[in-house]
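Here is the structure we will look at, set down as structure tokens.
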Amino acid sequence: MMCAIDDGLLHIDQKLVSLQNLSVPPWLLGNTIGDLLSHQTELPAWEDWHGELPRLEEHEHACEYFERQIQRLSPRDDGQSWCYSDFGYILLGILLERIYQKPLDELFRLKIANPLGLDKKIMYRPLHHVPQKSIVATAMYKNMPL
């Protein structure tokens, strides 16, 4: 987000209603990019999608699936001004991909890792950069390490 702001593509006080390349629920349109970054929106902390596997249509990208799912969310009504929620950051990731017309892992590599000389030390989505046998399993799926 800092790069997009530095590049003059977005600004921290920009309201979501002004973003034509991001679909959000109507109750979220009055919030700003800064609100999403600081978890100051009505987005819920989580949604119980446990066990649901995304059912993407042939022509659909994961971003469109997520935007469709987020439209179904209801705003928090707990009266709190702050609530940690990954949903805002996922929306910001979608926004960056659309603004730069590149996937988030490529943006990370181009805008952060390469300029800092970290392209071989810090990897986002390592399966695209190193052999799978070089990556330590962190979970099991159907008795197979992931």
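Residue numbers (numbering that gives the first Met the number 0): 0 to 145. The beta-carbon is built from N, C-alpha and C at its ideal position, and this holds for glycine as well.
Residue span of the alpha helix (DSSP H) that contains residue i, given as start and end
i      : result
Asp5   : 1-5
Asp34  : 32-36
Leu21  : Taken as a continuous stretch (DSSP letters only), Leu21 belongs to no alpha helix (DSSP H), as it is neither H nor E.
Leu106 : 103-107
Nearest neighbour of residue i, chosen from the options [CA to CA]
i     : options                      : result
Asp76 : Asp118, Leu90, Leu42         : Leu42
Gly29 : Leu72, Lys14, Leu117         : Lys14
Gln73 : Leu27, Tyr99, Ile4           : According to the sequence as given, residue 73 is Ser; it is not Gln. For the residues Leu27, Tyr99, Ile4, the minimum Cα distance to Ser73 belongs to Leu27.
Val16 : Lys132, Lys101, Ile98, Thr31 : Thr31
Met0  : Ala44, Leu103, Gln131        : Leu103
Arg71 : Pro25, Leu18, Asp12, Leu106  : Pro25
Glu96 : Trp81, Leu106, Tyr83         : Leu106
Ser80 : Pro114, Ala44, Ala3, Glu63   : Ala44
Ser22 : Ile4, Ser37, Phe86, Lys101   : Phe86
Glu63 : Asp5, Asn20, Ala3, Gly116    : Asn20
Ala3  : Gln131, Pro130, Gly92        : Gly92
Rounded separation between residue i and residue j - CA only
i      : j      : result
His10  : Leu94  : 13 angstroms
Leu35  : Ala112 : 24 angstroms
Phe65  : Leu109 : 25 angstroms
Gln39  : Leu90  : 14 angstroms
Gly7   : Ala61  : 27 angstroms
Gly78  : Gly33  : 19 angstroms
Asp47  : Tyr83  : 15 angstroms
Asp118 : Tyr99  : 19 angstroms
Leu115 : Asp5   : 17 angstroms
Ile69  : Tyr88  : 12 angstroms
Complete alpha helix (DSSP H) runs within the segment 71-100 (minimum length 4 residues, chain order): Listed in chain order, the complete alpha helix (DSSP H) runs (minimum 4 residues) inside the segment 71-100 are 85-99.
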